[in-house]
Amino acid sequence: MLSKSSLGKHVWLLAILFFALFIRLWGINHGFPFIFHPDEPAVIRSAMGIRFDPNPGHFDWPHLQFYLNYGVFFLFIKFRGLLQFLGLQTKISPLFPILWRDPLVFYAISRVFSAVLGAVTAIPVFLTVSNLFNRRAAIIAAAVFALLPFHVHTSHYALVDVPMVFWVAWALYFTSRVYVTGRFWDYALAGLFVGLATATKYNGGLFAVMVPLAYVLRVVEKRESITNPSGLSFLISSAAFAGLGFALGTPYAFLDYKTFLRADSPLGALWQFKNVGSVDFVTRLAQLVRNLLVKLPDDFGYAPIIAYFAALILLVKNKSPKLWLLFLPSLFVLVYVSGFAKTRSHYYMGIYPFVAAVGGYFADYVYSKLQNVPIWQFLRVVLLTLLLTIPLALSVKDSLILSRKDTRVLLYEWLSKNITVLDYVIYDSDDVAPVLEKFSGNTQHKGLSRFPPEGSQGYIILSDSTKTYDFTNRKIVLELLPNFRPGPRIFVYELTDRPKVPNERK
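Residue numbers for the sequence shown follow the UniProt record's numbering, so the first one is 1 and each next one is one higher.
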């Protein structure tokens, strides 16, 4: 039976997991009935297509998440069929109409799947820090990870980034066990999870460096020979299991290797590596500094990334091998990705478990140094507040925004009530194109260079914020602003006279 103290520790972890899941599920139906993210349809269609052909036929992304999604979809379809067989559809459909709205329901299922994987990633983060340091640091690290704003945001989408982080976090945990125990199965599982991460998104393979790093740090600390046959055989086995993990998740990389190796189109994996581009060394450093000062602090919620670099100073002072195990792989990925011509935020997501782990360590380190200070209890509250409040506020804000109707959904609702089949529609941006597809019976034109004959009735829909038009002679009938809601600014004018020439905003 668990003691009260032990139960209390488990309660903290369960509370973190519950909140991590809650904040990722809050607003999970954003944009419905539309799908505005351009990558979500590629994931869902690829997963659905496995029913007819197990080879998705394209390798711009590896295939593990497609197969996992398909497995979840398959179970759902069987469950829904059972409900219909039992005659329960008429009773359940009014309560949960989305269950019978294809394909929208599959986007909802995949988003929930992503949110669950995102939330439970806090578990391997907790286990890693508990294994390397102590339980208090582990609880803080799990809380930090649960609240990372960009991870919370991305967990709301049916994409591959959050699942990739899930596998990387488990690889990190077993790598930490490689450092502590040096057992064969820790090497094997660390490699396997690296392979699964790579089979989810290719840049997961960058974290393969942490397994040999753990091996080197261990033999140096134990003063063993680096060419120890047993250790080297374990390391080779880890690489073999990494290959196995990738093969299990993306088997057609081998079965359809000709397509996999193509670099001339998105069908091939090599195209993806070519597509991100590369920059020279000076530009790489400039991008690294810019991302560290601007992009990453915002994505992490400022305090965790500050704690990360504060702990880096401690590393220089203390030279802890455990910290090297967390810092070197994450710094390697930071520098490597900064060499891409395109350095988008999601390219850095694999380092999130490392940053959270370091944040937990740093908070625990400061805790231990302040224990003898008279106002210790007050300082402990201040430290946790500084570390968690900003990420919490940013994550809550983002989920709140996603929970509110997108401006384009509001546009759709307005058009449904006001547009007639005789109305001519002019719009200036693809932002509203998914909405206007629902009104295909209306004559439509993108761009303000061509207008219908004088006297035609209809609407002009503006959502391109890079241009301004002089519409002082027109009547505005709808104005939608993204104030605490997703979507672009949208203005709808009655179709009367031509606008003046647009002015490009500088």
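For every residue, glycine included, the Cβ atom is placed at its ideal position computed from N, Cα and C.
Beta bridge counterpart(s) of residue i as assigned by DSSP
i, result
"Leu478", "Val492"
"Lys446", "Tyr427"
"Leu394", "DSSP output for Leu394 lists no bridge partner at all."
"Tyr459", "Val425 and Glu494"
Expected contact under 8 Å - CB spacing of residue i and residue j to nearest Å
i, j, result
"Thr121", "Ala199", "At roughly 17 Å, the Cβ-Cβ gap does not stay under 8 Å, so Thr121 and Ala199 are not in contact."
"Gly350", "Phe207", "6 Å"
"Ala47", "Phe73", "6 Å"
"Val211", "Ala190", "5 Å"
"Gln457", "Leu495", "6 Å"
"Val152", "Arg24", "6 Å"
"Ile50", "Tyr70", "4 Å"
"Gly231", "Val220", "Contact doesn't hold; Cβ gap of about 12 Å is too wide."
"Asn442", "Ile419", "7 Å"
Cβ-based neighbour list, residue i, same chain, cut-off 8 Å, excluding 5 preceding and 5 following
i, result
"Leu387", "Ile140, Val144, Ala303, Pro304, Ala307, Gly359 and Ala363"
"Gly195", "Phe241, Ala242, Gly243, Leu244, Gly245, Phe246, Ala247, Leu248 and Gly249"
"Leu478", "Leu411, Trp414, Ile490, Phe491 and Val492"
"Lys506", "Confidence in Lys506 is poor, its pLDDT being 35 and thus under 50, which makes the residue's placement too unreliable to answer from."
"Arg380", "Tyr367 and Leu370"
"Phe18", "none"
"Trp12", "Ile139"
Exposure of residue i, with buried meaning 16 or more beta-carbon neighbours within 10 Å
i, result
"Val178", "buried"
"Phe113", "buried"
"Ala253", "buried"
"Lys201", "buried"
"Gln377", "exposed"
"Val335", "exposed"
"Phe166", "buried"
"Gly57", "exposed"
"Met1", "Because the pLDDT of Met1 is 47, which lies under 50, any placement of that residue in the model is unreliable, and the number read from its coordinates should be weighed accordingly. When all chains shown are included, Met1 counts as exposed."
"Thr283", "exposed"
"Thr128", "buried"
"Pro353", "buried"
"Pro62", "buried"
"Phe193", "buried"
"Leu436", "buried"
"Asp161", "buried"
"Val355", "buried"
Under 7 Å between C-beta atoms of residue i and residue j
i, j, result
"Tyr173", "Phe234", "no"
"Pro163", "Gln65", "yes"
"Ala108", "Ser155", "no"
"Ala158", "Arg101", "no"
"Leu83", "Gln89", "yes"
"Ala357", "Leu383", "no"
"Pro329", "Val168", "no"
"Gly27", "Leu402", "yes"
"Tyr427", "Ile461", "yes"
"Phe34", "Pro434", "yes"
"Ala137", "Phe126", "no"
"Leu170", "Pro124", "Looking at the sequence itself, residue 170 is Trp, so the reference to Leu does not match. Taking 7 Å as the Cβ cut-off, Trp170 and Pro124 qualify as a contacting pair."
"Pro391", "Gly447", "no"
"Asn29", "Asp256", "no"
"Asn131", "Ser93", "no"
"Leu315", "Leu323", "yes"
"Pro321", "Leu213", "no"
"Asp299", "Ser345", "yes"
Residues near residue i by beta carbon distance below 6 Å, same chain, minus five either side
i, result
"Arg404", "Arg485"
"Ile490", "Thr407, Leu411, Ser463 and Leu480"
"Phe133", "Tyr361"
"Ala146", "Ile16, Ala20 and Ala122"
"Ser395", "Ile23, Leu147, Pro149 and Val152"
"Arg183", "none"
"Asp431", "Ser463 and Pro488"
"Leu14", "none"
"His37", "Tyr157"
Spatial neighbours of residue i in its chain, beta-carbon cut-off 7 Å, leaving aside the 5 residues before and after
i, result
"Asn291", "Ser338 and Thr343"
"Gly277", "Phe340, Ala341 and Lys342"
"Arg498", "With a pLDDT of 49 at Arg498, under the threshold of 50, the modelled position of that residue is not reliable, and the figure given next carries that caveat. The residues are Phe451."
"Leu296", "Ile305 and Tyr348"
"Gly268", "Phe59, Thr259, Phe260, Leu261 and Arg262"
"Asn203", "Tyr347 and Gly350"
"Phe106", "Ile44, Met48 and Phe73"
"Ala239", "Gly191"
"Leu288", "Leu334, Val335 and Ser338"
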